[in-house]
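Asker:
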Amino acid sequence: MKVIDKILLGLSATGMIALMYLVFMVVPADRAQGIVQKVFYVHVPAAWVAFTAFGVTGFFGLRYLMTRDLRFDRLAASSAEVGVYYITMVLITGPLWAKPIWGIFWTWDLRLTTSFILWLLYLAYLILRRSVGDRERRAQLSAVVGLISFLDVPIVYMANRVRASQHPAPVVGGGEGSGLEPIMLFTLLFGLFVFSTTFVLLLRARNGQAALEDEIEQLYLQRD
Amino acid sequence: MSFWRVVRAVLARDVLAEWRRKDIFTTFVMFGLLTVVVFVFAFDPTRHERQDVVPGALWTAFFFAGILGLNRSAGRDSQDEFLHGMITSPADRGALYLGKLTAHLVFMGVGELVILALSIVFFDLDGRHLTPAFFAIMILGTIGYLAVGTVFAVVGQKTRLQEVMLPVLLLPVLTPLLMAAVEGTAIILTPGANEGLGHWIQLMAAFDVMFMTAGFLLYGLVLED
C-alpha cells in the first residue's frame with residue numbers, strides 16, 4: 009500500500025466517523041422537516057461525487073482514444089464502477105427522505121429522473137464491458153459508449169427541465185432565498201470532502217485491481 | 580472515391596440488399612404493428628383521450644421495432660462480410676456512417692409510414708392531427724434515434740450478448756429523445772394546445788446535431804478495433 013493510499017484511507021475512515029458525529033450530534037434538525045432532513049448530508053455529497061465520477065469516465069475514455077494506453081481505460085472503468093456505487097446510494101437515500109416529506113417514494117421529477125437515467129447509462133456501460141472478451145476491443149468500444157453516455161447527461165437534464173420540477177431547489181448557489189446555516193453548510197462541505205477522498209481511495213484501489221486483472225489475463229494468454 | 584460517392588455507394592448497396600430480402604422492412608412493420616396492437620389492448624383507446632394513447636403507442640412501436648431493424652441490419656452486414664468490407668476499404672469513416680444512417684432512415688421512414696397509415700385508421704387521425712409539426716417531430720425523432728442507433732448496432736454486434744446488447748445501450752441514451760417525441764406529439768394531438776411545442780422541437784434538433792456529429796466522428800472507432 010502506497011503512502012498516498014494510507015493517507016486517503018486515514019482521511020476517509022476518520023472523516024466518515026467525524027461526519028456521522030456532526031450529522032447526528034452537532035447539526036440541529038431542520039425546523040420544518042425534522043430529523044429526516046439529515047439524510048441530506050449524505051445524499052447531496054454522494055450525488056455530486058457520482059456526477060463527477062461519470063465525468064471522469066468520459067474524460068479517461070477520451071484520453072484512451074487519443075493515446076491507446078490501457079491505463080486510461082482502467083481508470084475510466086474503475087470510475088464508472090465507483091460512480092455506480094455512489095449513484096445507487098443517492099437513489100436509496102432519496103426515496104427514504106421523500107416518503108415522509110412528499111408522501112411518496114418516487115416521482116418522475118427533474119433530478120430524480122436524471123439520476124435514474126444516469127444509473128441506467130452506466131450500468132449499461134458496465135454490462136458492455138463484461139460482454140467483450142478482447143482487451144483492446146473492450147477498451148475501444150466502452151470508450152465510445154462512455155463518451156456518448158457522457159454527452160447524453162446534459163440533454164437528459166434539459167429534457168426533464170422542460171417539465172416542472174418538485175425536487176428542492178439547490179440550497180447552495182441556488183436562487184434567491186437559498187442558503188444554509190453556517191454549521192449546516194460546514195457539515196455539507198465536510199461530507200463532500202469525505203465522500204471525495206473515499207471516492208479517490210476506492211478509485212485507486214479498484215484501478216490497482218484492474219491492473220492486476222489485466223496482468224493475469226496477459227499471463228494466461230502467454231501460458232503456451 | 581469522393582466523400583459523397585461513398586455515401587451513395589453504401590446507401591445503394593443497403594437498399595439493394597433490402598430490396599432482395601425485405602427482412603428489415605417486414606420485421607419492422609410486423610413488430611411495430613404488434614406493439615400498437617398491444618397498446619390498444621393495454622390502454623383501451625375508447626376510454627382515453629387520443630393524445631393520451633397515440634403518442635405513446637406510436638413512439639413505443641417505432642423505438643422497439645427500430646431495435647429489431649438495426650439488429651437485422653448490423654447482423655446482415657456481418658454475415659455478408661459487408662462490415663469487413665467497410666473496415667478494409669480506405670473510404671472515409673464519416674462517409675460510411677452517413678451512408679448507413681441514410682439507408683436506415685429510408686428503411687425506418689418507410690416502415691413508420693406504414694405503421695402511421697394503419698394508426699390513422701385505428702385512432703381516427705386526420706388533417707387536424709397530421710400537421711407539418713407532426714411530421715417534423717417524426718423526422719427529427721427518427722434521425723436522432725438512428726444517429727445513435729447506427730453506431731450502437733455495430734457495438735452490439737461485436738459483443739458476446741450480440742442482439743441483446745443494443746437495447747441495453749440504446750434505450751437509456753434515447754430517453755430524452757423519447758420524452759421530447761412523446762410530449763411533442765401529445766401537444767399536437769391535444770385540441771387547441773400549442774404551448775411548449777417549440778421547446779421539444781428545439782431539444783430534438785439539438786439531440787440530432789450533437790449525436791450525428793458524435794456518430795460521424797466515432798463510427799470509425801467502432802468499426803475497426
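Chains as they are written, first to last, in the working numbering: chain D, 9 to 232; chain Z, 580 to 804.
C-beta: ideal position from N, C-alpha, C; glycine also.
Every value quoted in this text rests on a predicted model; they were computed, and no experiment measured them.
Look up Gly42 (chain D) in the DSSP assignment and say whether it is helix, strand or coil.
Answerer: Gly42 (chain D) falls in the strand class under three-state DSSP.
Asker: Whose Cβ in chain D lies nearer than 8 Å to the Cβ of Lys737 (chain Z)?
Answerer: Within 8 Å Cβ-Cβ: Val140, Arg145, Leu149.
Asker: Put Gly111 (chain D) into one of helix, strand or coil per three-state DSSP.
Answerer: Correct three-state label for Gly111 (chain D): coil.
Asker: What residues of chain D sit near Met789 (chain Z), judged by a beta carbon separation below 8 Å?
Answerer: Result: Leu159, Ile163.
Asker: Quick test of your reading: Met97 (chain D) and Ala54 (chain D), contact by CB under 8 Å. State the CB separation rounded to the nearest angstrom.
Answerer: With a Cβ gap of about 5 Å, Met97 (chain D) and Ala54 (chain D) count as contacting.
Asker: Which value, in whole angstroms, describes the spacing of the CA atoms of Ala671 (chain Z) and Gly688 (chain Z)?
Answerer: The sequence given here has Asp at residue 671 (chain Z), not Ala. Each residue's Cα considered, the two are about 26 Å apart.
Asker: What is the residue span of the alpha helix (DSSP H) that Glu189 (chain D) lies within?
Answerer: No alpha helix (DSSP H) contains Glu189 (chain D), which DSSP labels as neither H nor E.
Asker: If contacts are defined as beta-carbon pairs under 8 Å, then Tyr767 (chain Z) and Thr710 (chain Z) qualify, I think. What distance do you get, rounded to the angstrom?
Answerer: Strictly speaking, residue 767 (chain Z) in this sequence is Ile, with Tyr absent from that position. The pair is a contact, with the Cβ atoms about 6 Å apart (cut-off 8 Å).
Asker: For the region 727–738 of chain Z against the region 582–595 of chain Z, do three or more pairs of beta-carbon atoms, one drawn from each stretch, fall closer than 8 Å, so that the two count as touching?
Answerer: Flag = no, the region 727–738 of chain Z and the region 582–595 of chain Z do not touch.
Asker: Could you spell out where the alpha helix (DSSP H) holding Lys1 (chain D) opens and where it closes?
Answerer: Past the boundaries of the shown model lies residue 1 (chain D); chain D is included only from 9 to 232, so the question cannot be answered.
Asker: Answer with buried or exposed for Glu89 (chain D), where buried requires no fewer than 16 other C-beta atoms within 10 angstroms of its C-beta.
Answerer: Buried.
Asker: Between Ala26 (chain D) and the rest of its own chain, which residues show a CB-CB distance below 8 Å, the 5 nearest in sequence each way excluded?
Answerer: The residues are Phe198, Val202.
Asker: Just tell me which of Z:Leu637, Z:His663, Z:Val608 has its CA closest to the CA of Met717 (chain Z).
Answerer: The residue with the shortest Cα to Cα distance from Met717 (chain Z) is Z:Leu637.
Asker: Looking at Thr614 (chain Z) and Thr639 (chain Z), is the spacing between their C-beta atoms short of 8 Å?
Answerer: The answer is yes: Cβ separation under 8 Å.
Asker: Taking only beta-carbon atoms, is Thr754 (chain Z) less than 8 Å away from chain D?
Answerer: So yes, Thr754 (chain Z) belongs to the interface.
Asker: Answer yes or no: does any C-beta atom of chain Z fall closer than 8 Å to that of Met74 (chain D)?
Answerer: So no, Met74 (chain D) is outside the interface.
Asker: Here's the rule I'm using: 16 or more other beta-carbon atoms within 10 Å means buried, otherwise exposed. How should Met791 (chain Z) be labelled?
Answerer: Buried: at least 16 other Cβ atoms inside 10 Å.
Asker: Using a C-beta to C-beta distance shorter than 8 Å, which residues of chain D count as neighbours of Val633 (chain Z)?
Answerer: By Cβ distance, chain D contributes nothing, its closest Cβ being about 20 Å from Val633 (chain Z), past 8 Å.
Asker: Would you tell me roughly how many angstroms separate the C-alpha atoms of Pro770 (chain Z) and Phe713 (chain Z), rounded to the nearest one?
Answerer: C-alpha separation (whole angstroms): 13 Å.
Asker: Less than 8 Å between the C-beta atoms of Ala151 (chain D) and Asp222 (chain D), yes or no?
Answerer: No, these two residues do not count as a Cβ contact at 8 Å.
Asker: Less than 8 Å between C-beta atoms, sequence neighbours within five positions excluded: which residues of the same chain meet that for Leu149 (chain D)?
Answerer: Closer than 8 Å at the Cβ level, and outside the excluded window around Leu149 (chain D), lie Leu136, Val140.
Asker: Note down, in chain order, all residues in the region 769–794 of chain Z with a beta-carbon under 9 Å from any beta-carbon belonging to chain D.
Answerer: Under the 9 Å Cβ criterion, the region 769–794 of chain Z contributes Gly775, His778, Trp779, Leu782, Ala785, Phe786, Met789, Phe790, Ala793, Gly794.
Asker: Within 10 angstroms of the Cβ of Leu211 (chain D), are there 16 or more other Cβ atoms? Answer buried if so, exposed if not.
Answerer: So Leu211 (chain D) counts as buried.
Asker: Could you tell me the boundaries of the alpha helix (DSSP H) in which Trp116 (chain D) lies?
Answerer: Taken as a continuous stretch (DSSP letters only), Trp116 (chain D) belongs to no alpha helix (DSSP H), as it is neither H nor E.
Asker: Can you look up Gly677 (chain Z) in the DSSP assignment and give me helix, strand or coil?
Answerer: Correcting the residue type first, residue 677 (chain Z) is Leu in the shown sequence and not Gly. DSSP places Leu677 (chain Z) in helix when its eight states are reduced to three.
Asker: Go to Glu597 (chain Z), then tell me how far its alpha helix (DSSP H) extends in each direction, as first and last residue.
Answerer: 582–600 is the span of the alpha helix (DSSP H), which, as asked, contains Glu597 (chain Z).
Asker: When burial is assigned at 16 or more other CB atoms within 10 Å of the CB, is Asp142 (chain D) buried or exposed?
Answerer: It counts as exposed.
Asker: May I have the straight-line CA-CA distance separating Ile163 (chain D) from Phe607 (chain Z), to the nearest angstrom?
Answerer: So the alpha carbons of these two residues sit roughly 28 Å apart.
Asker: Taking 8 Å as the CB-CB limit, is Val153 (chain D) close to chain Z?
Answerer: Yes, contact with chain Z.
Asker: With distances taken between CB atoms, is the gap from Trp127 (chain D) to Leu99 (chain D) smaller than 8 Å?
Answerer: Yes; because the gap between Cβ atoms is below 8 Å, this pair is in contact.
Asker: Between the region 701–715 of chain Z and chain D, which residues of the former have CB atoms less than 7 Å from a CB of the latter, in chain order?
Answerer: For the region 701–715 of chain Z, which is checked against every Cβ of chain D, not one residue is closer than 7 Å.
Asker: Nearest chain Z C-beta to Val98 (chain D) closer than 8 Å, yes or no?
Answerer: Chain Z, which has no Cβ nearer than 8 Å to the Cβ of Val98 (chain D), makes this no.
Asker: Going by alpha carbons, who is nearest to Lys805 (chain Z) out of Z:Ser581, Z:Ala784, Z:Ala588?
Answerer: Outside the shown range of chain Z, which is 580 to 804, sits residue 805 (chain Z), and nothing can be said about it.
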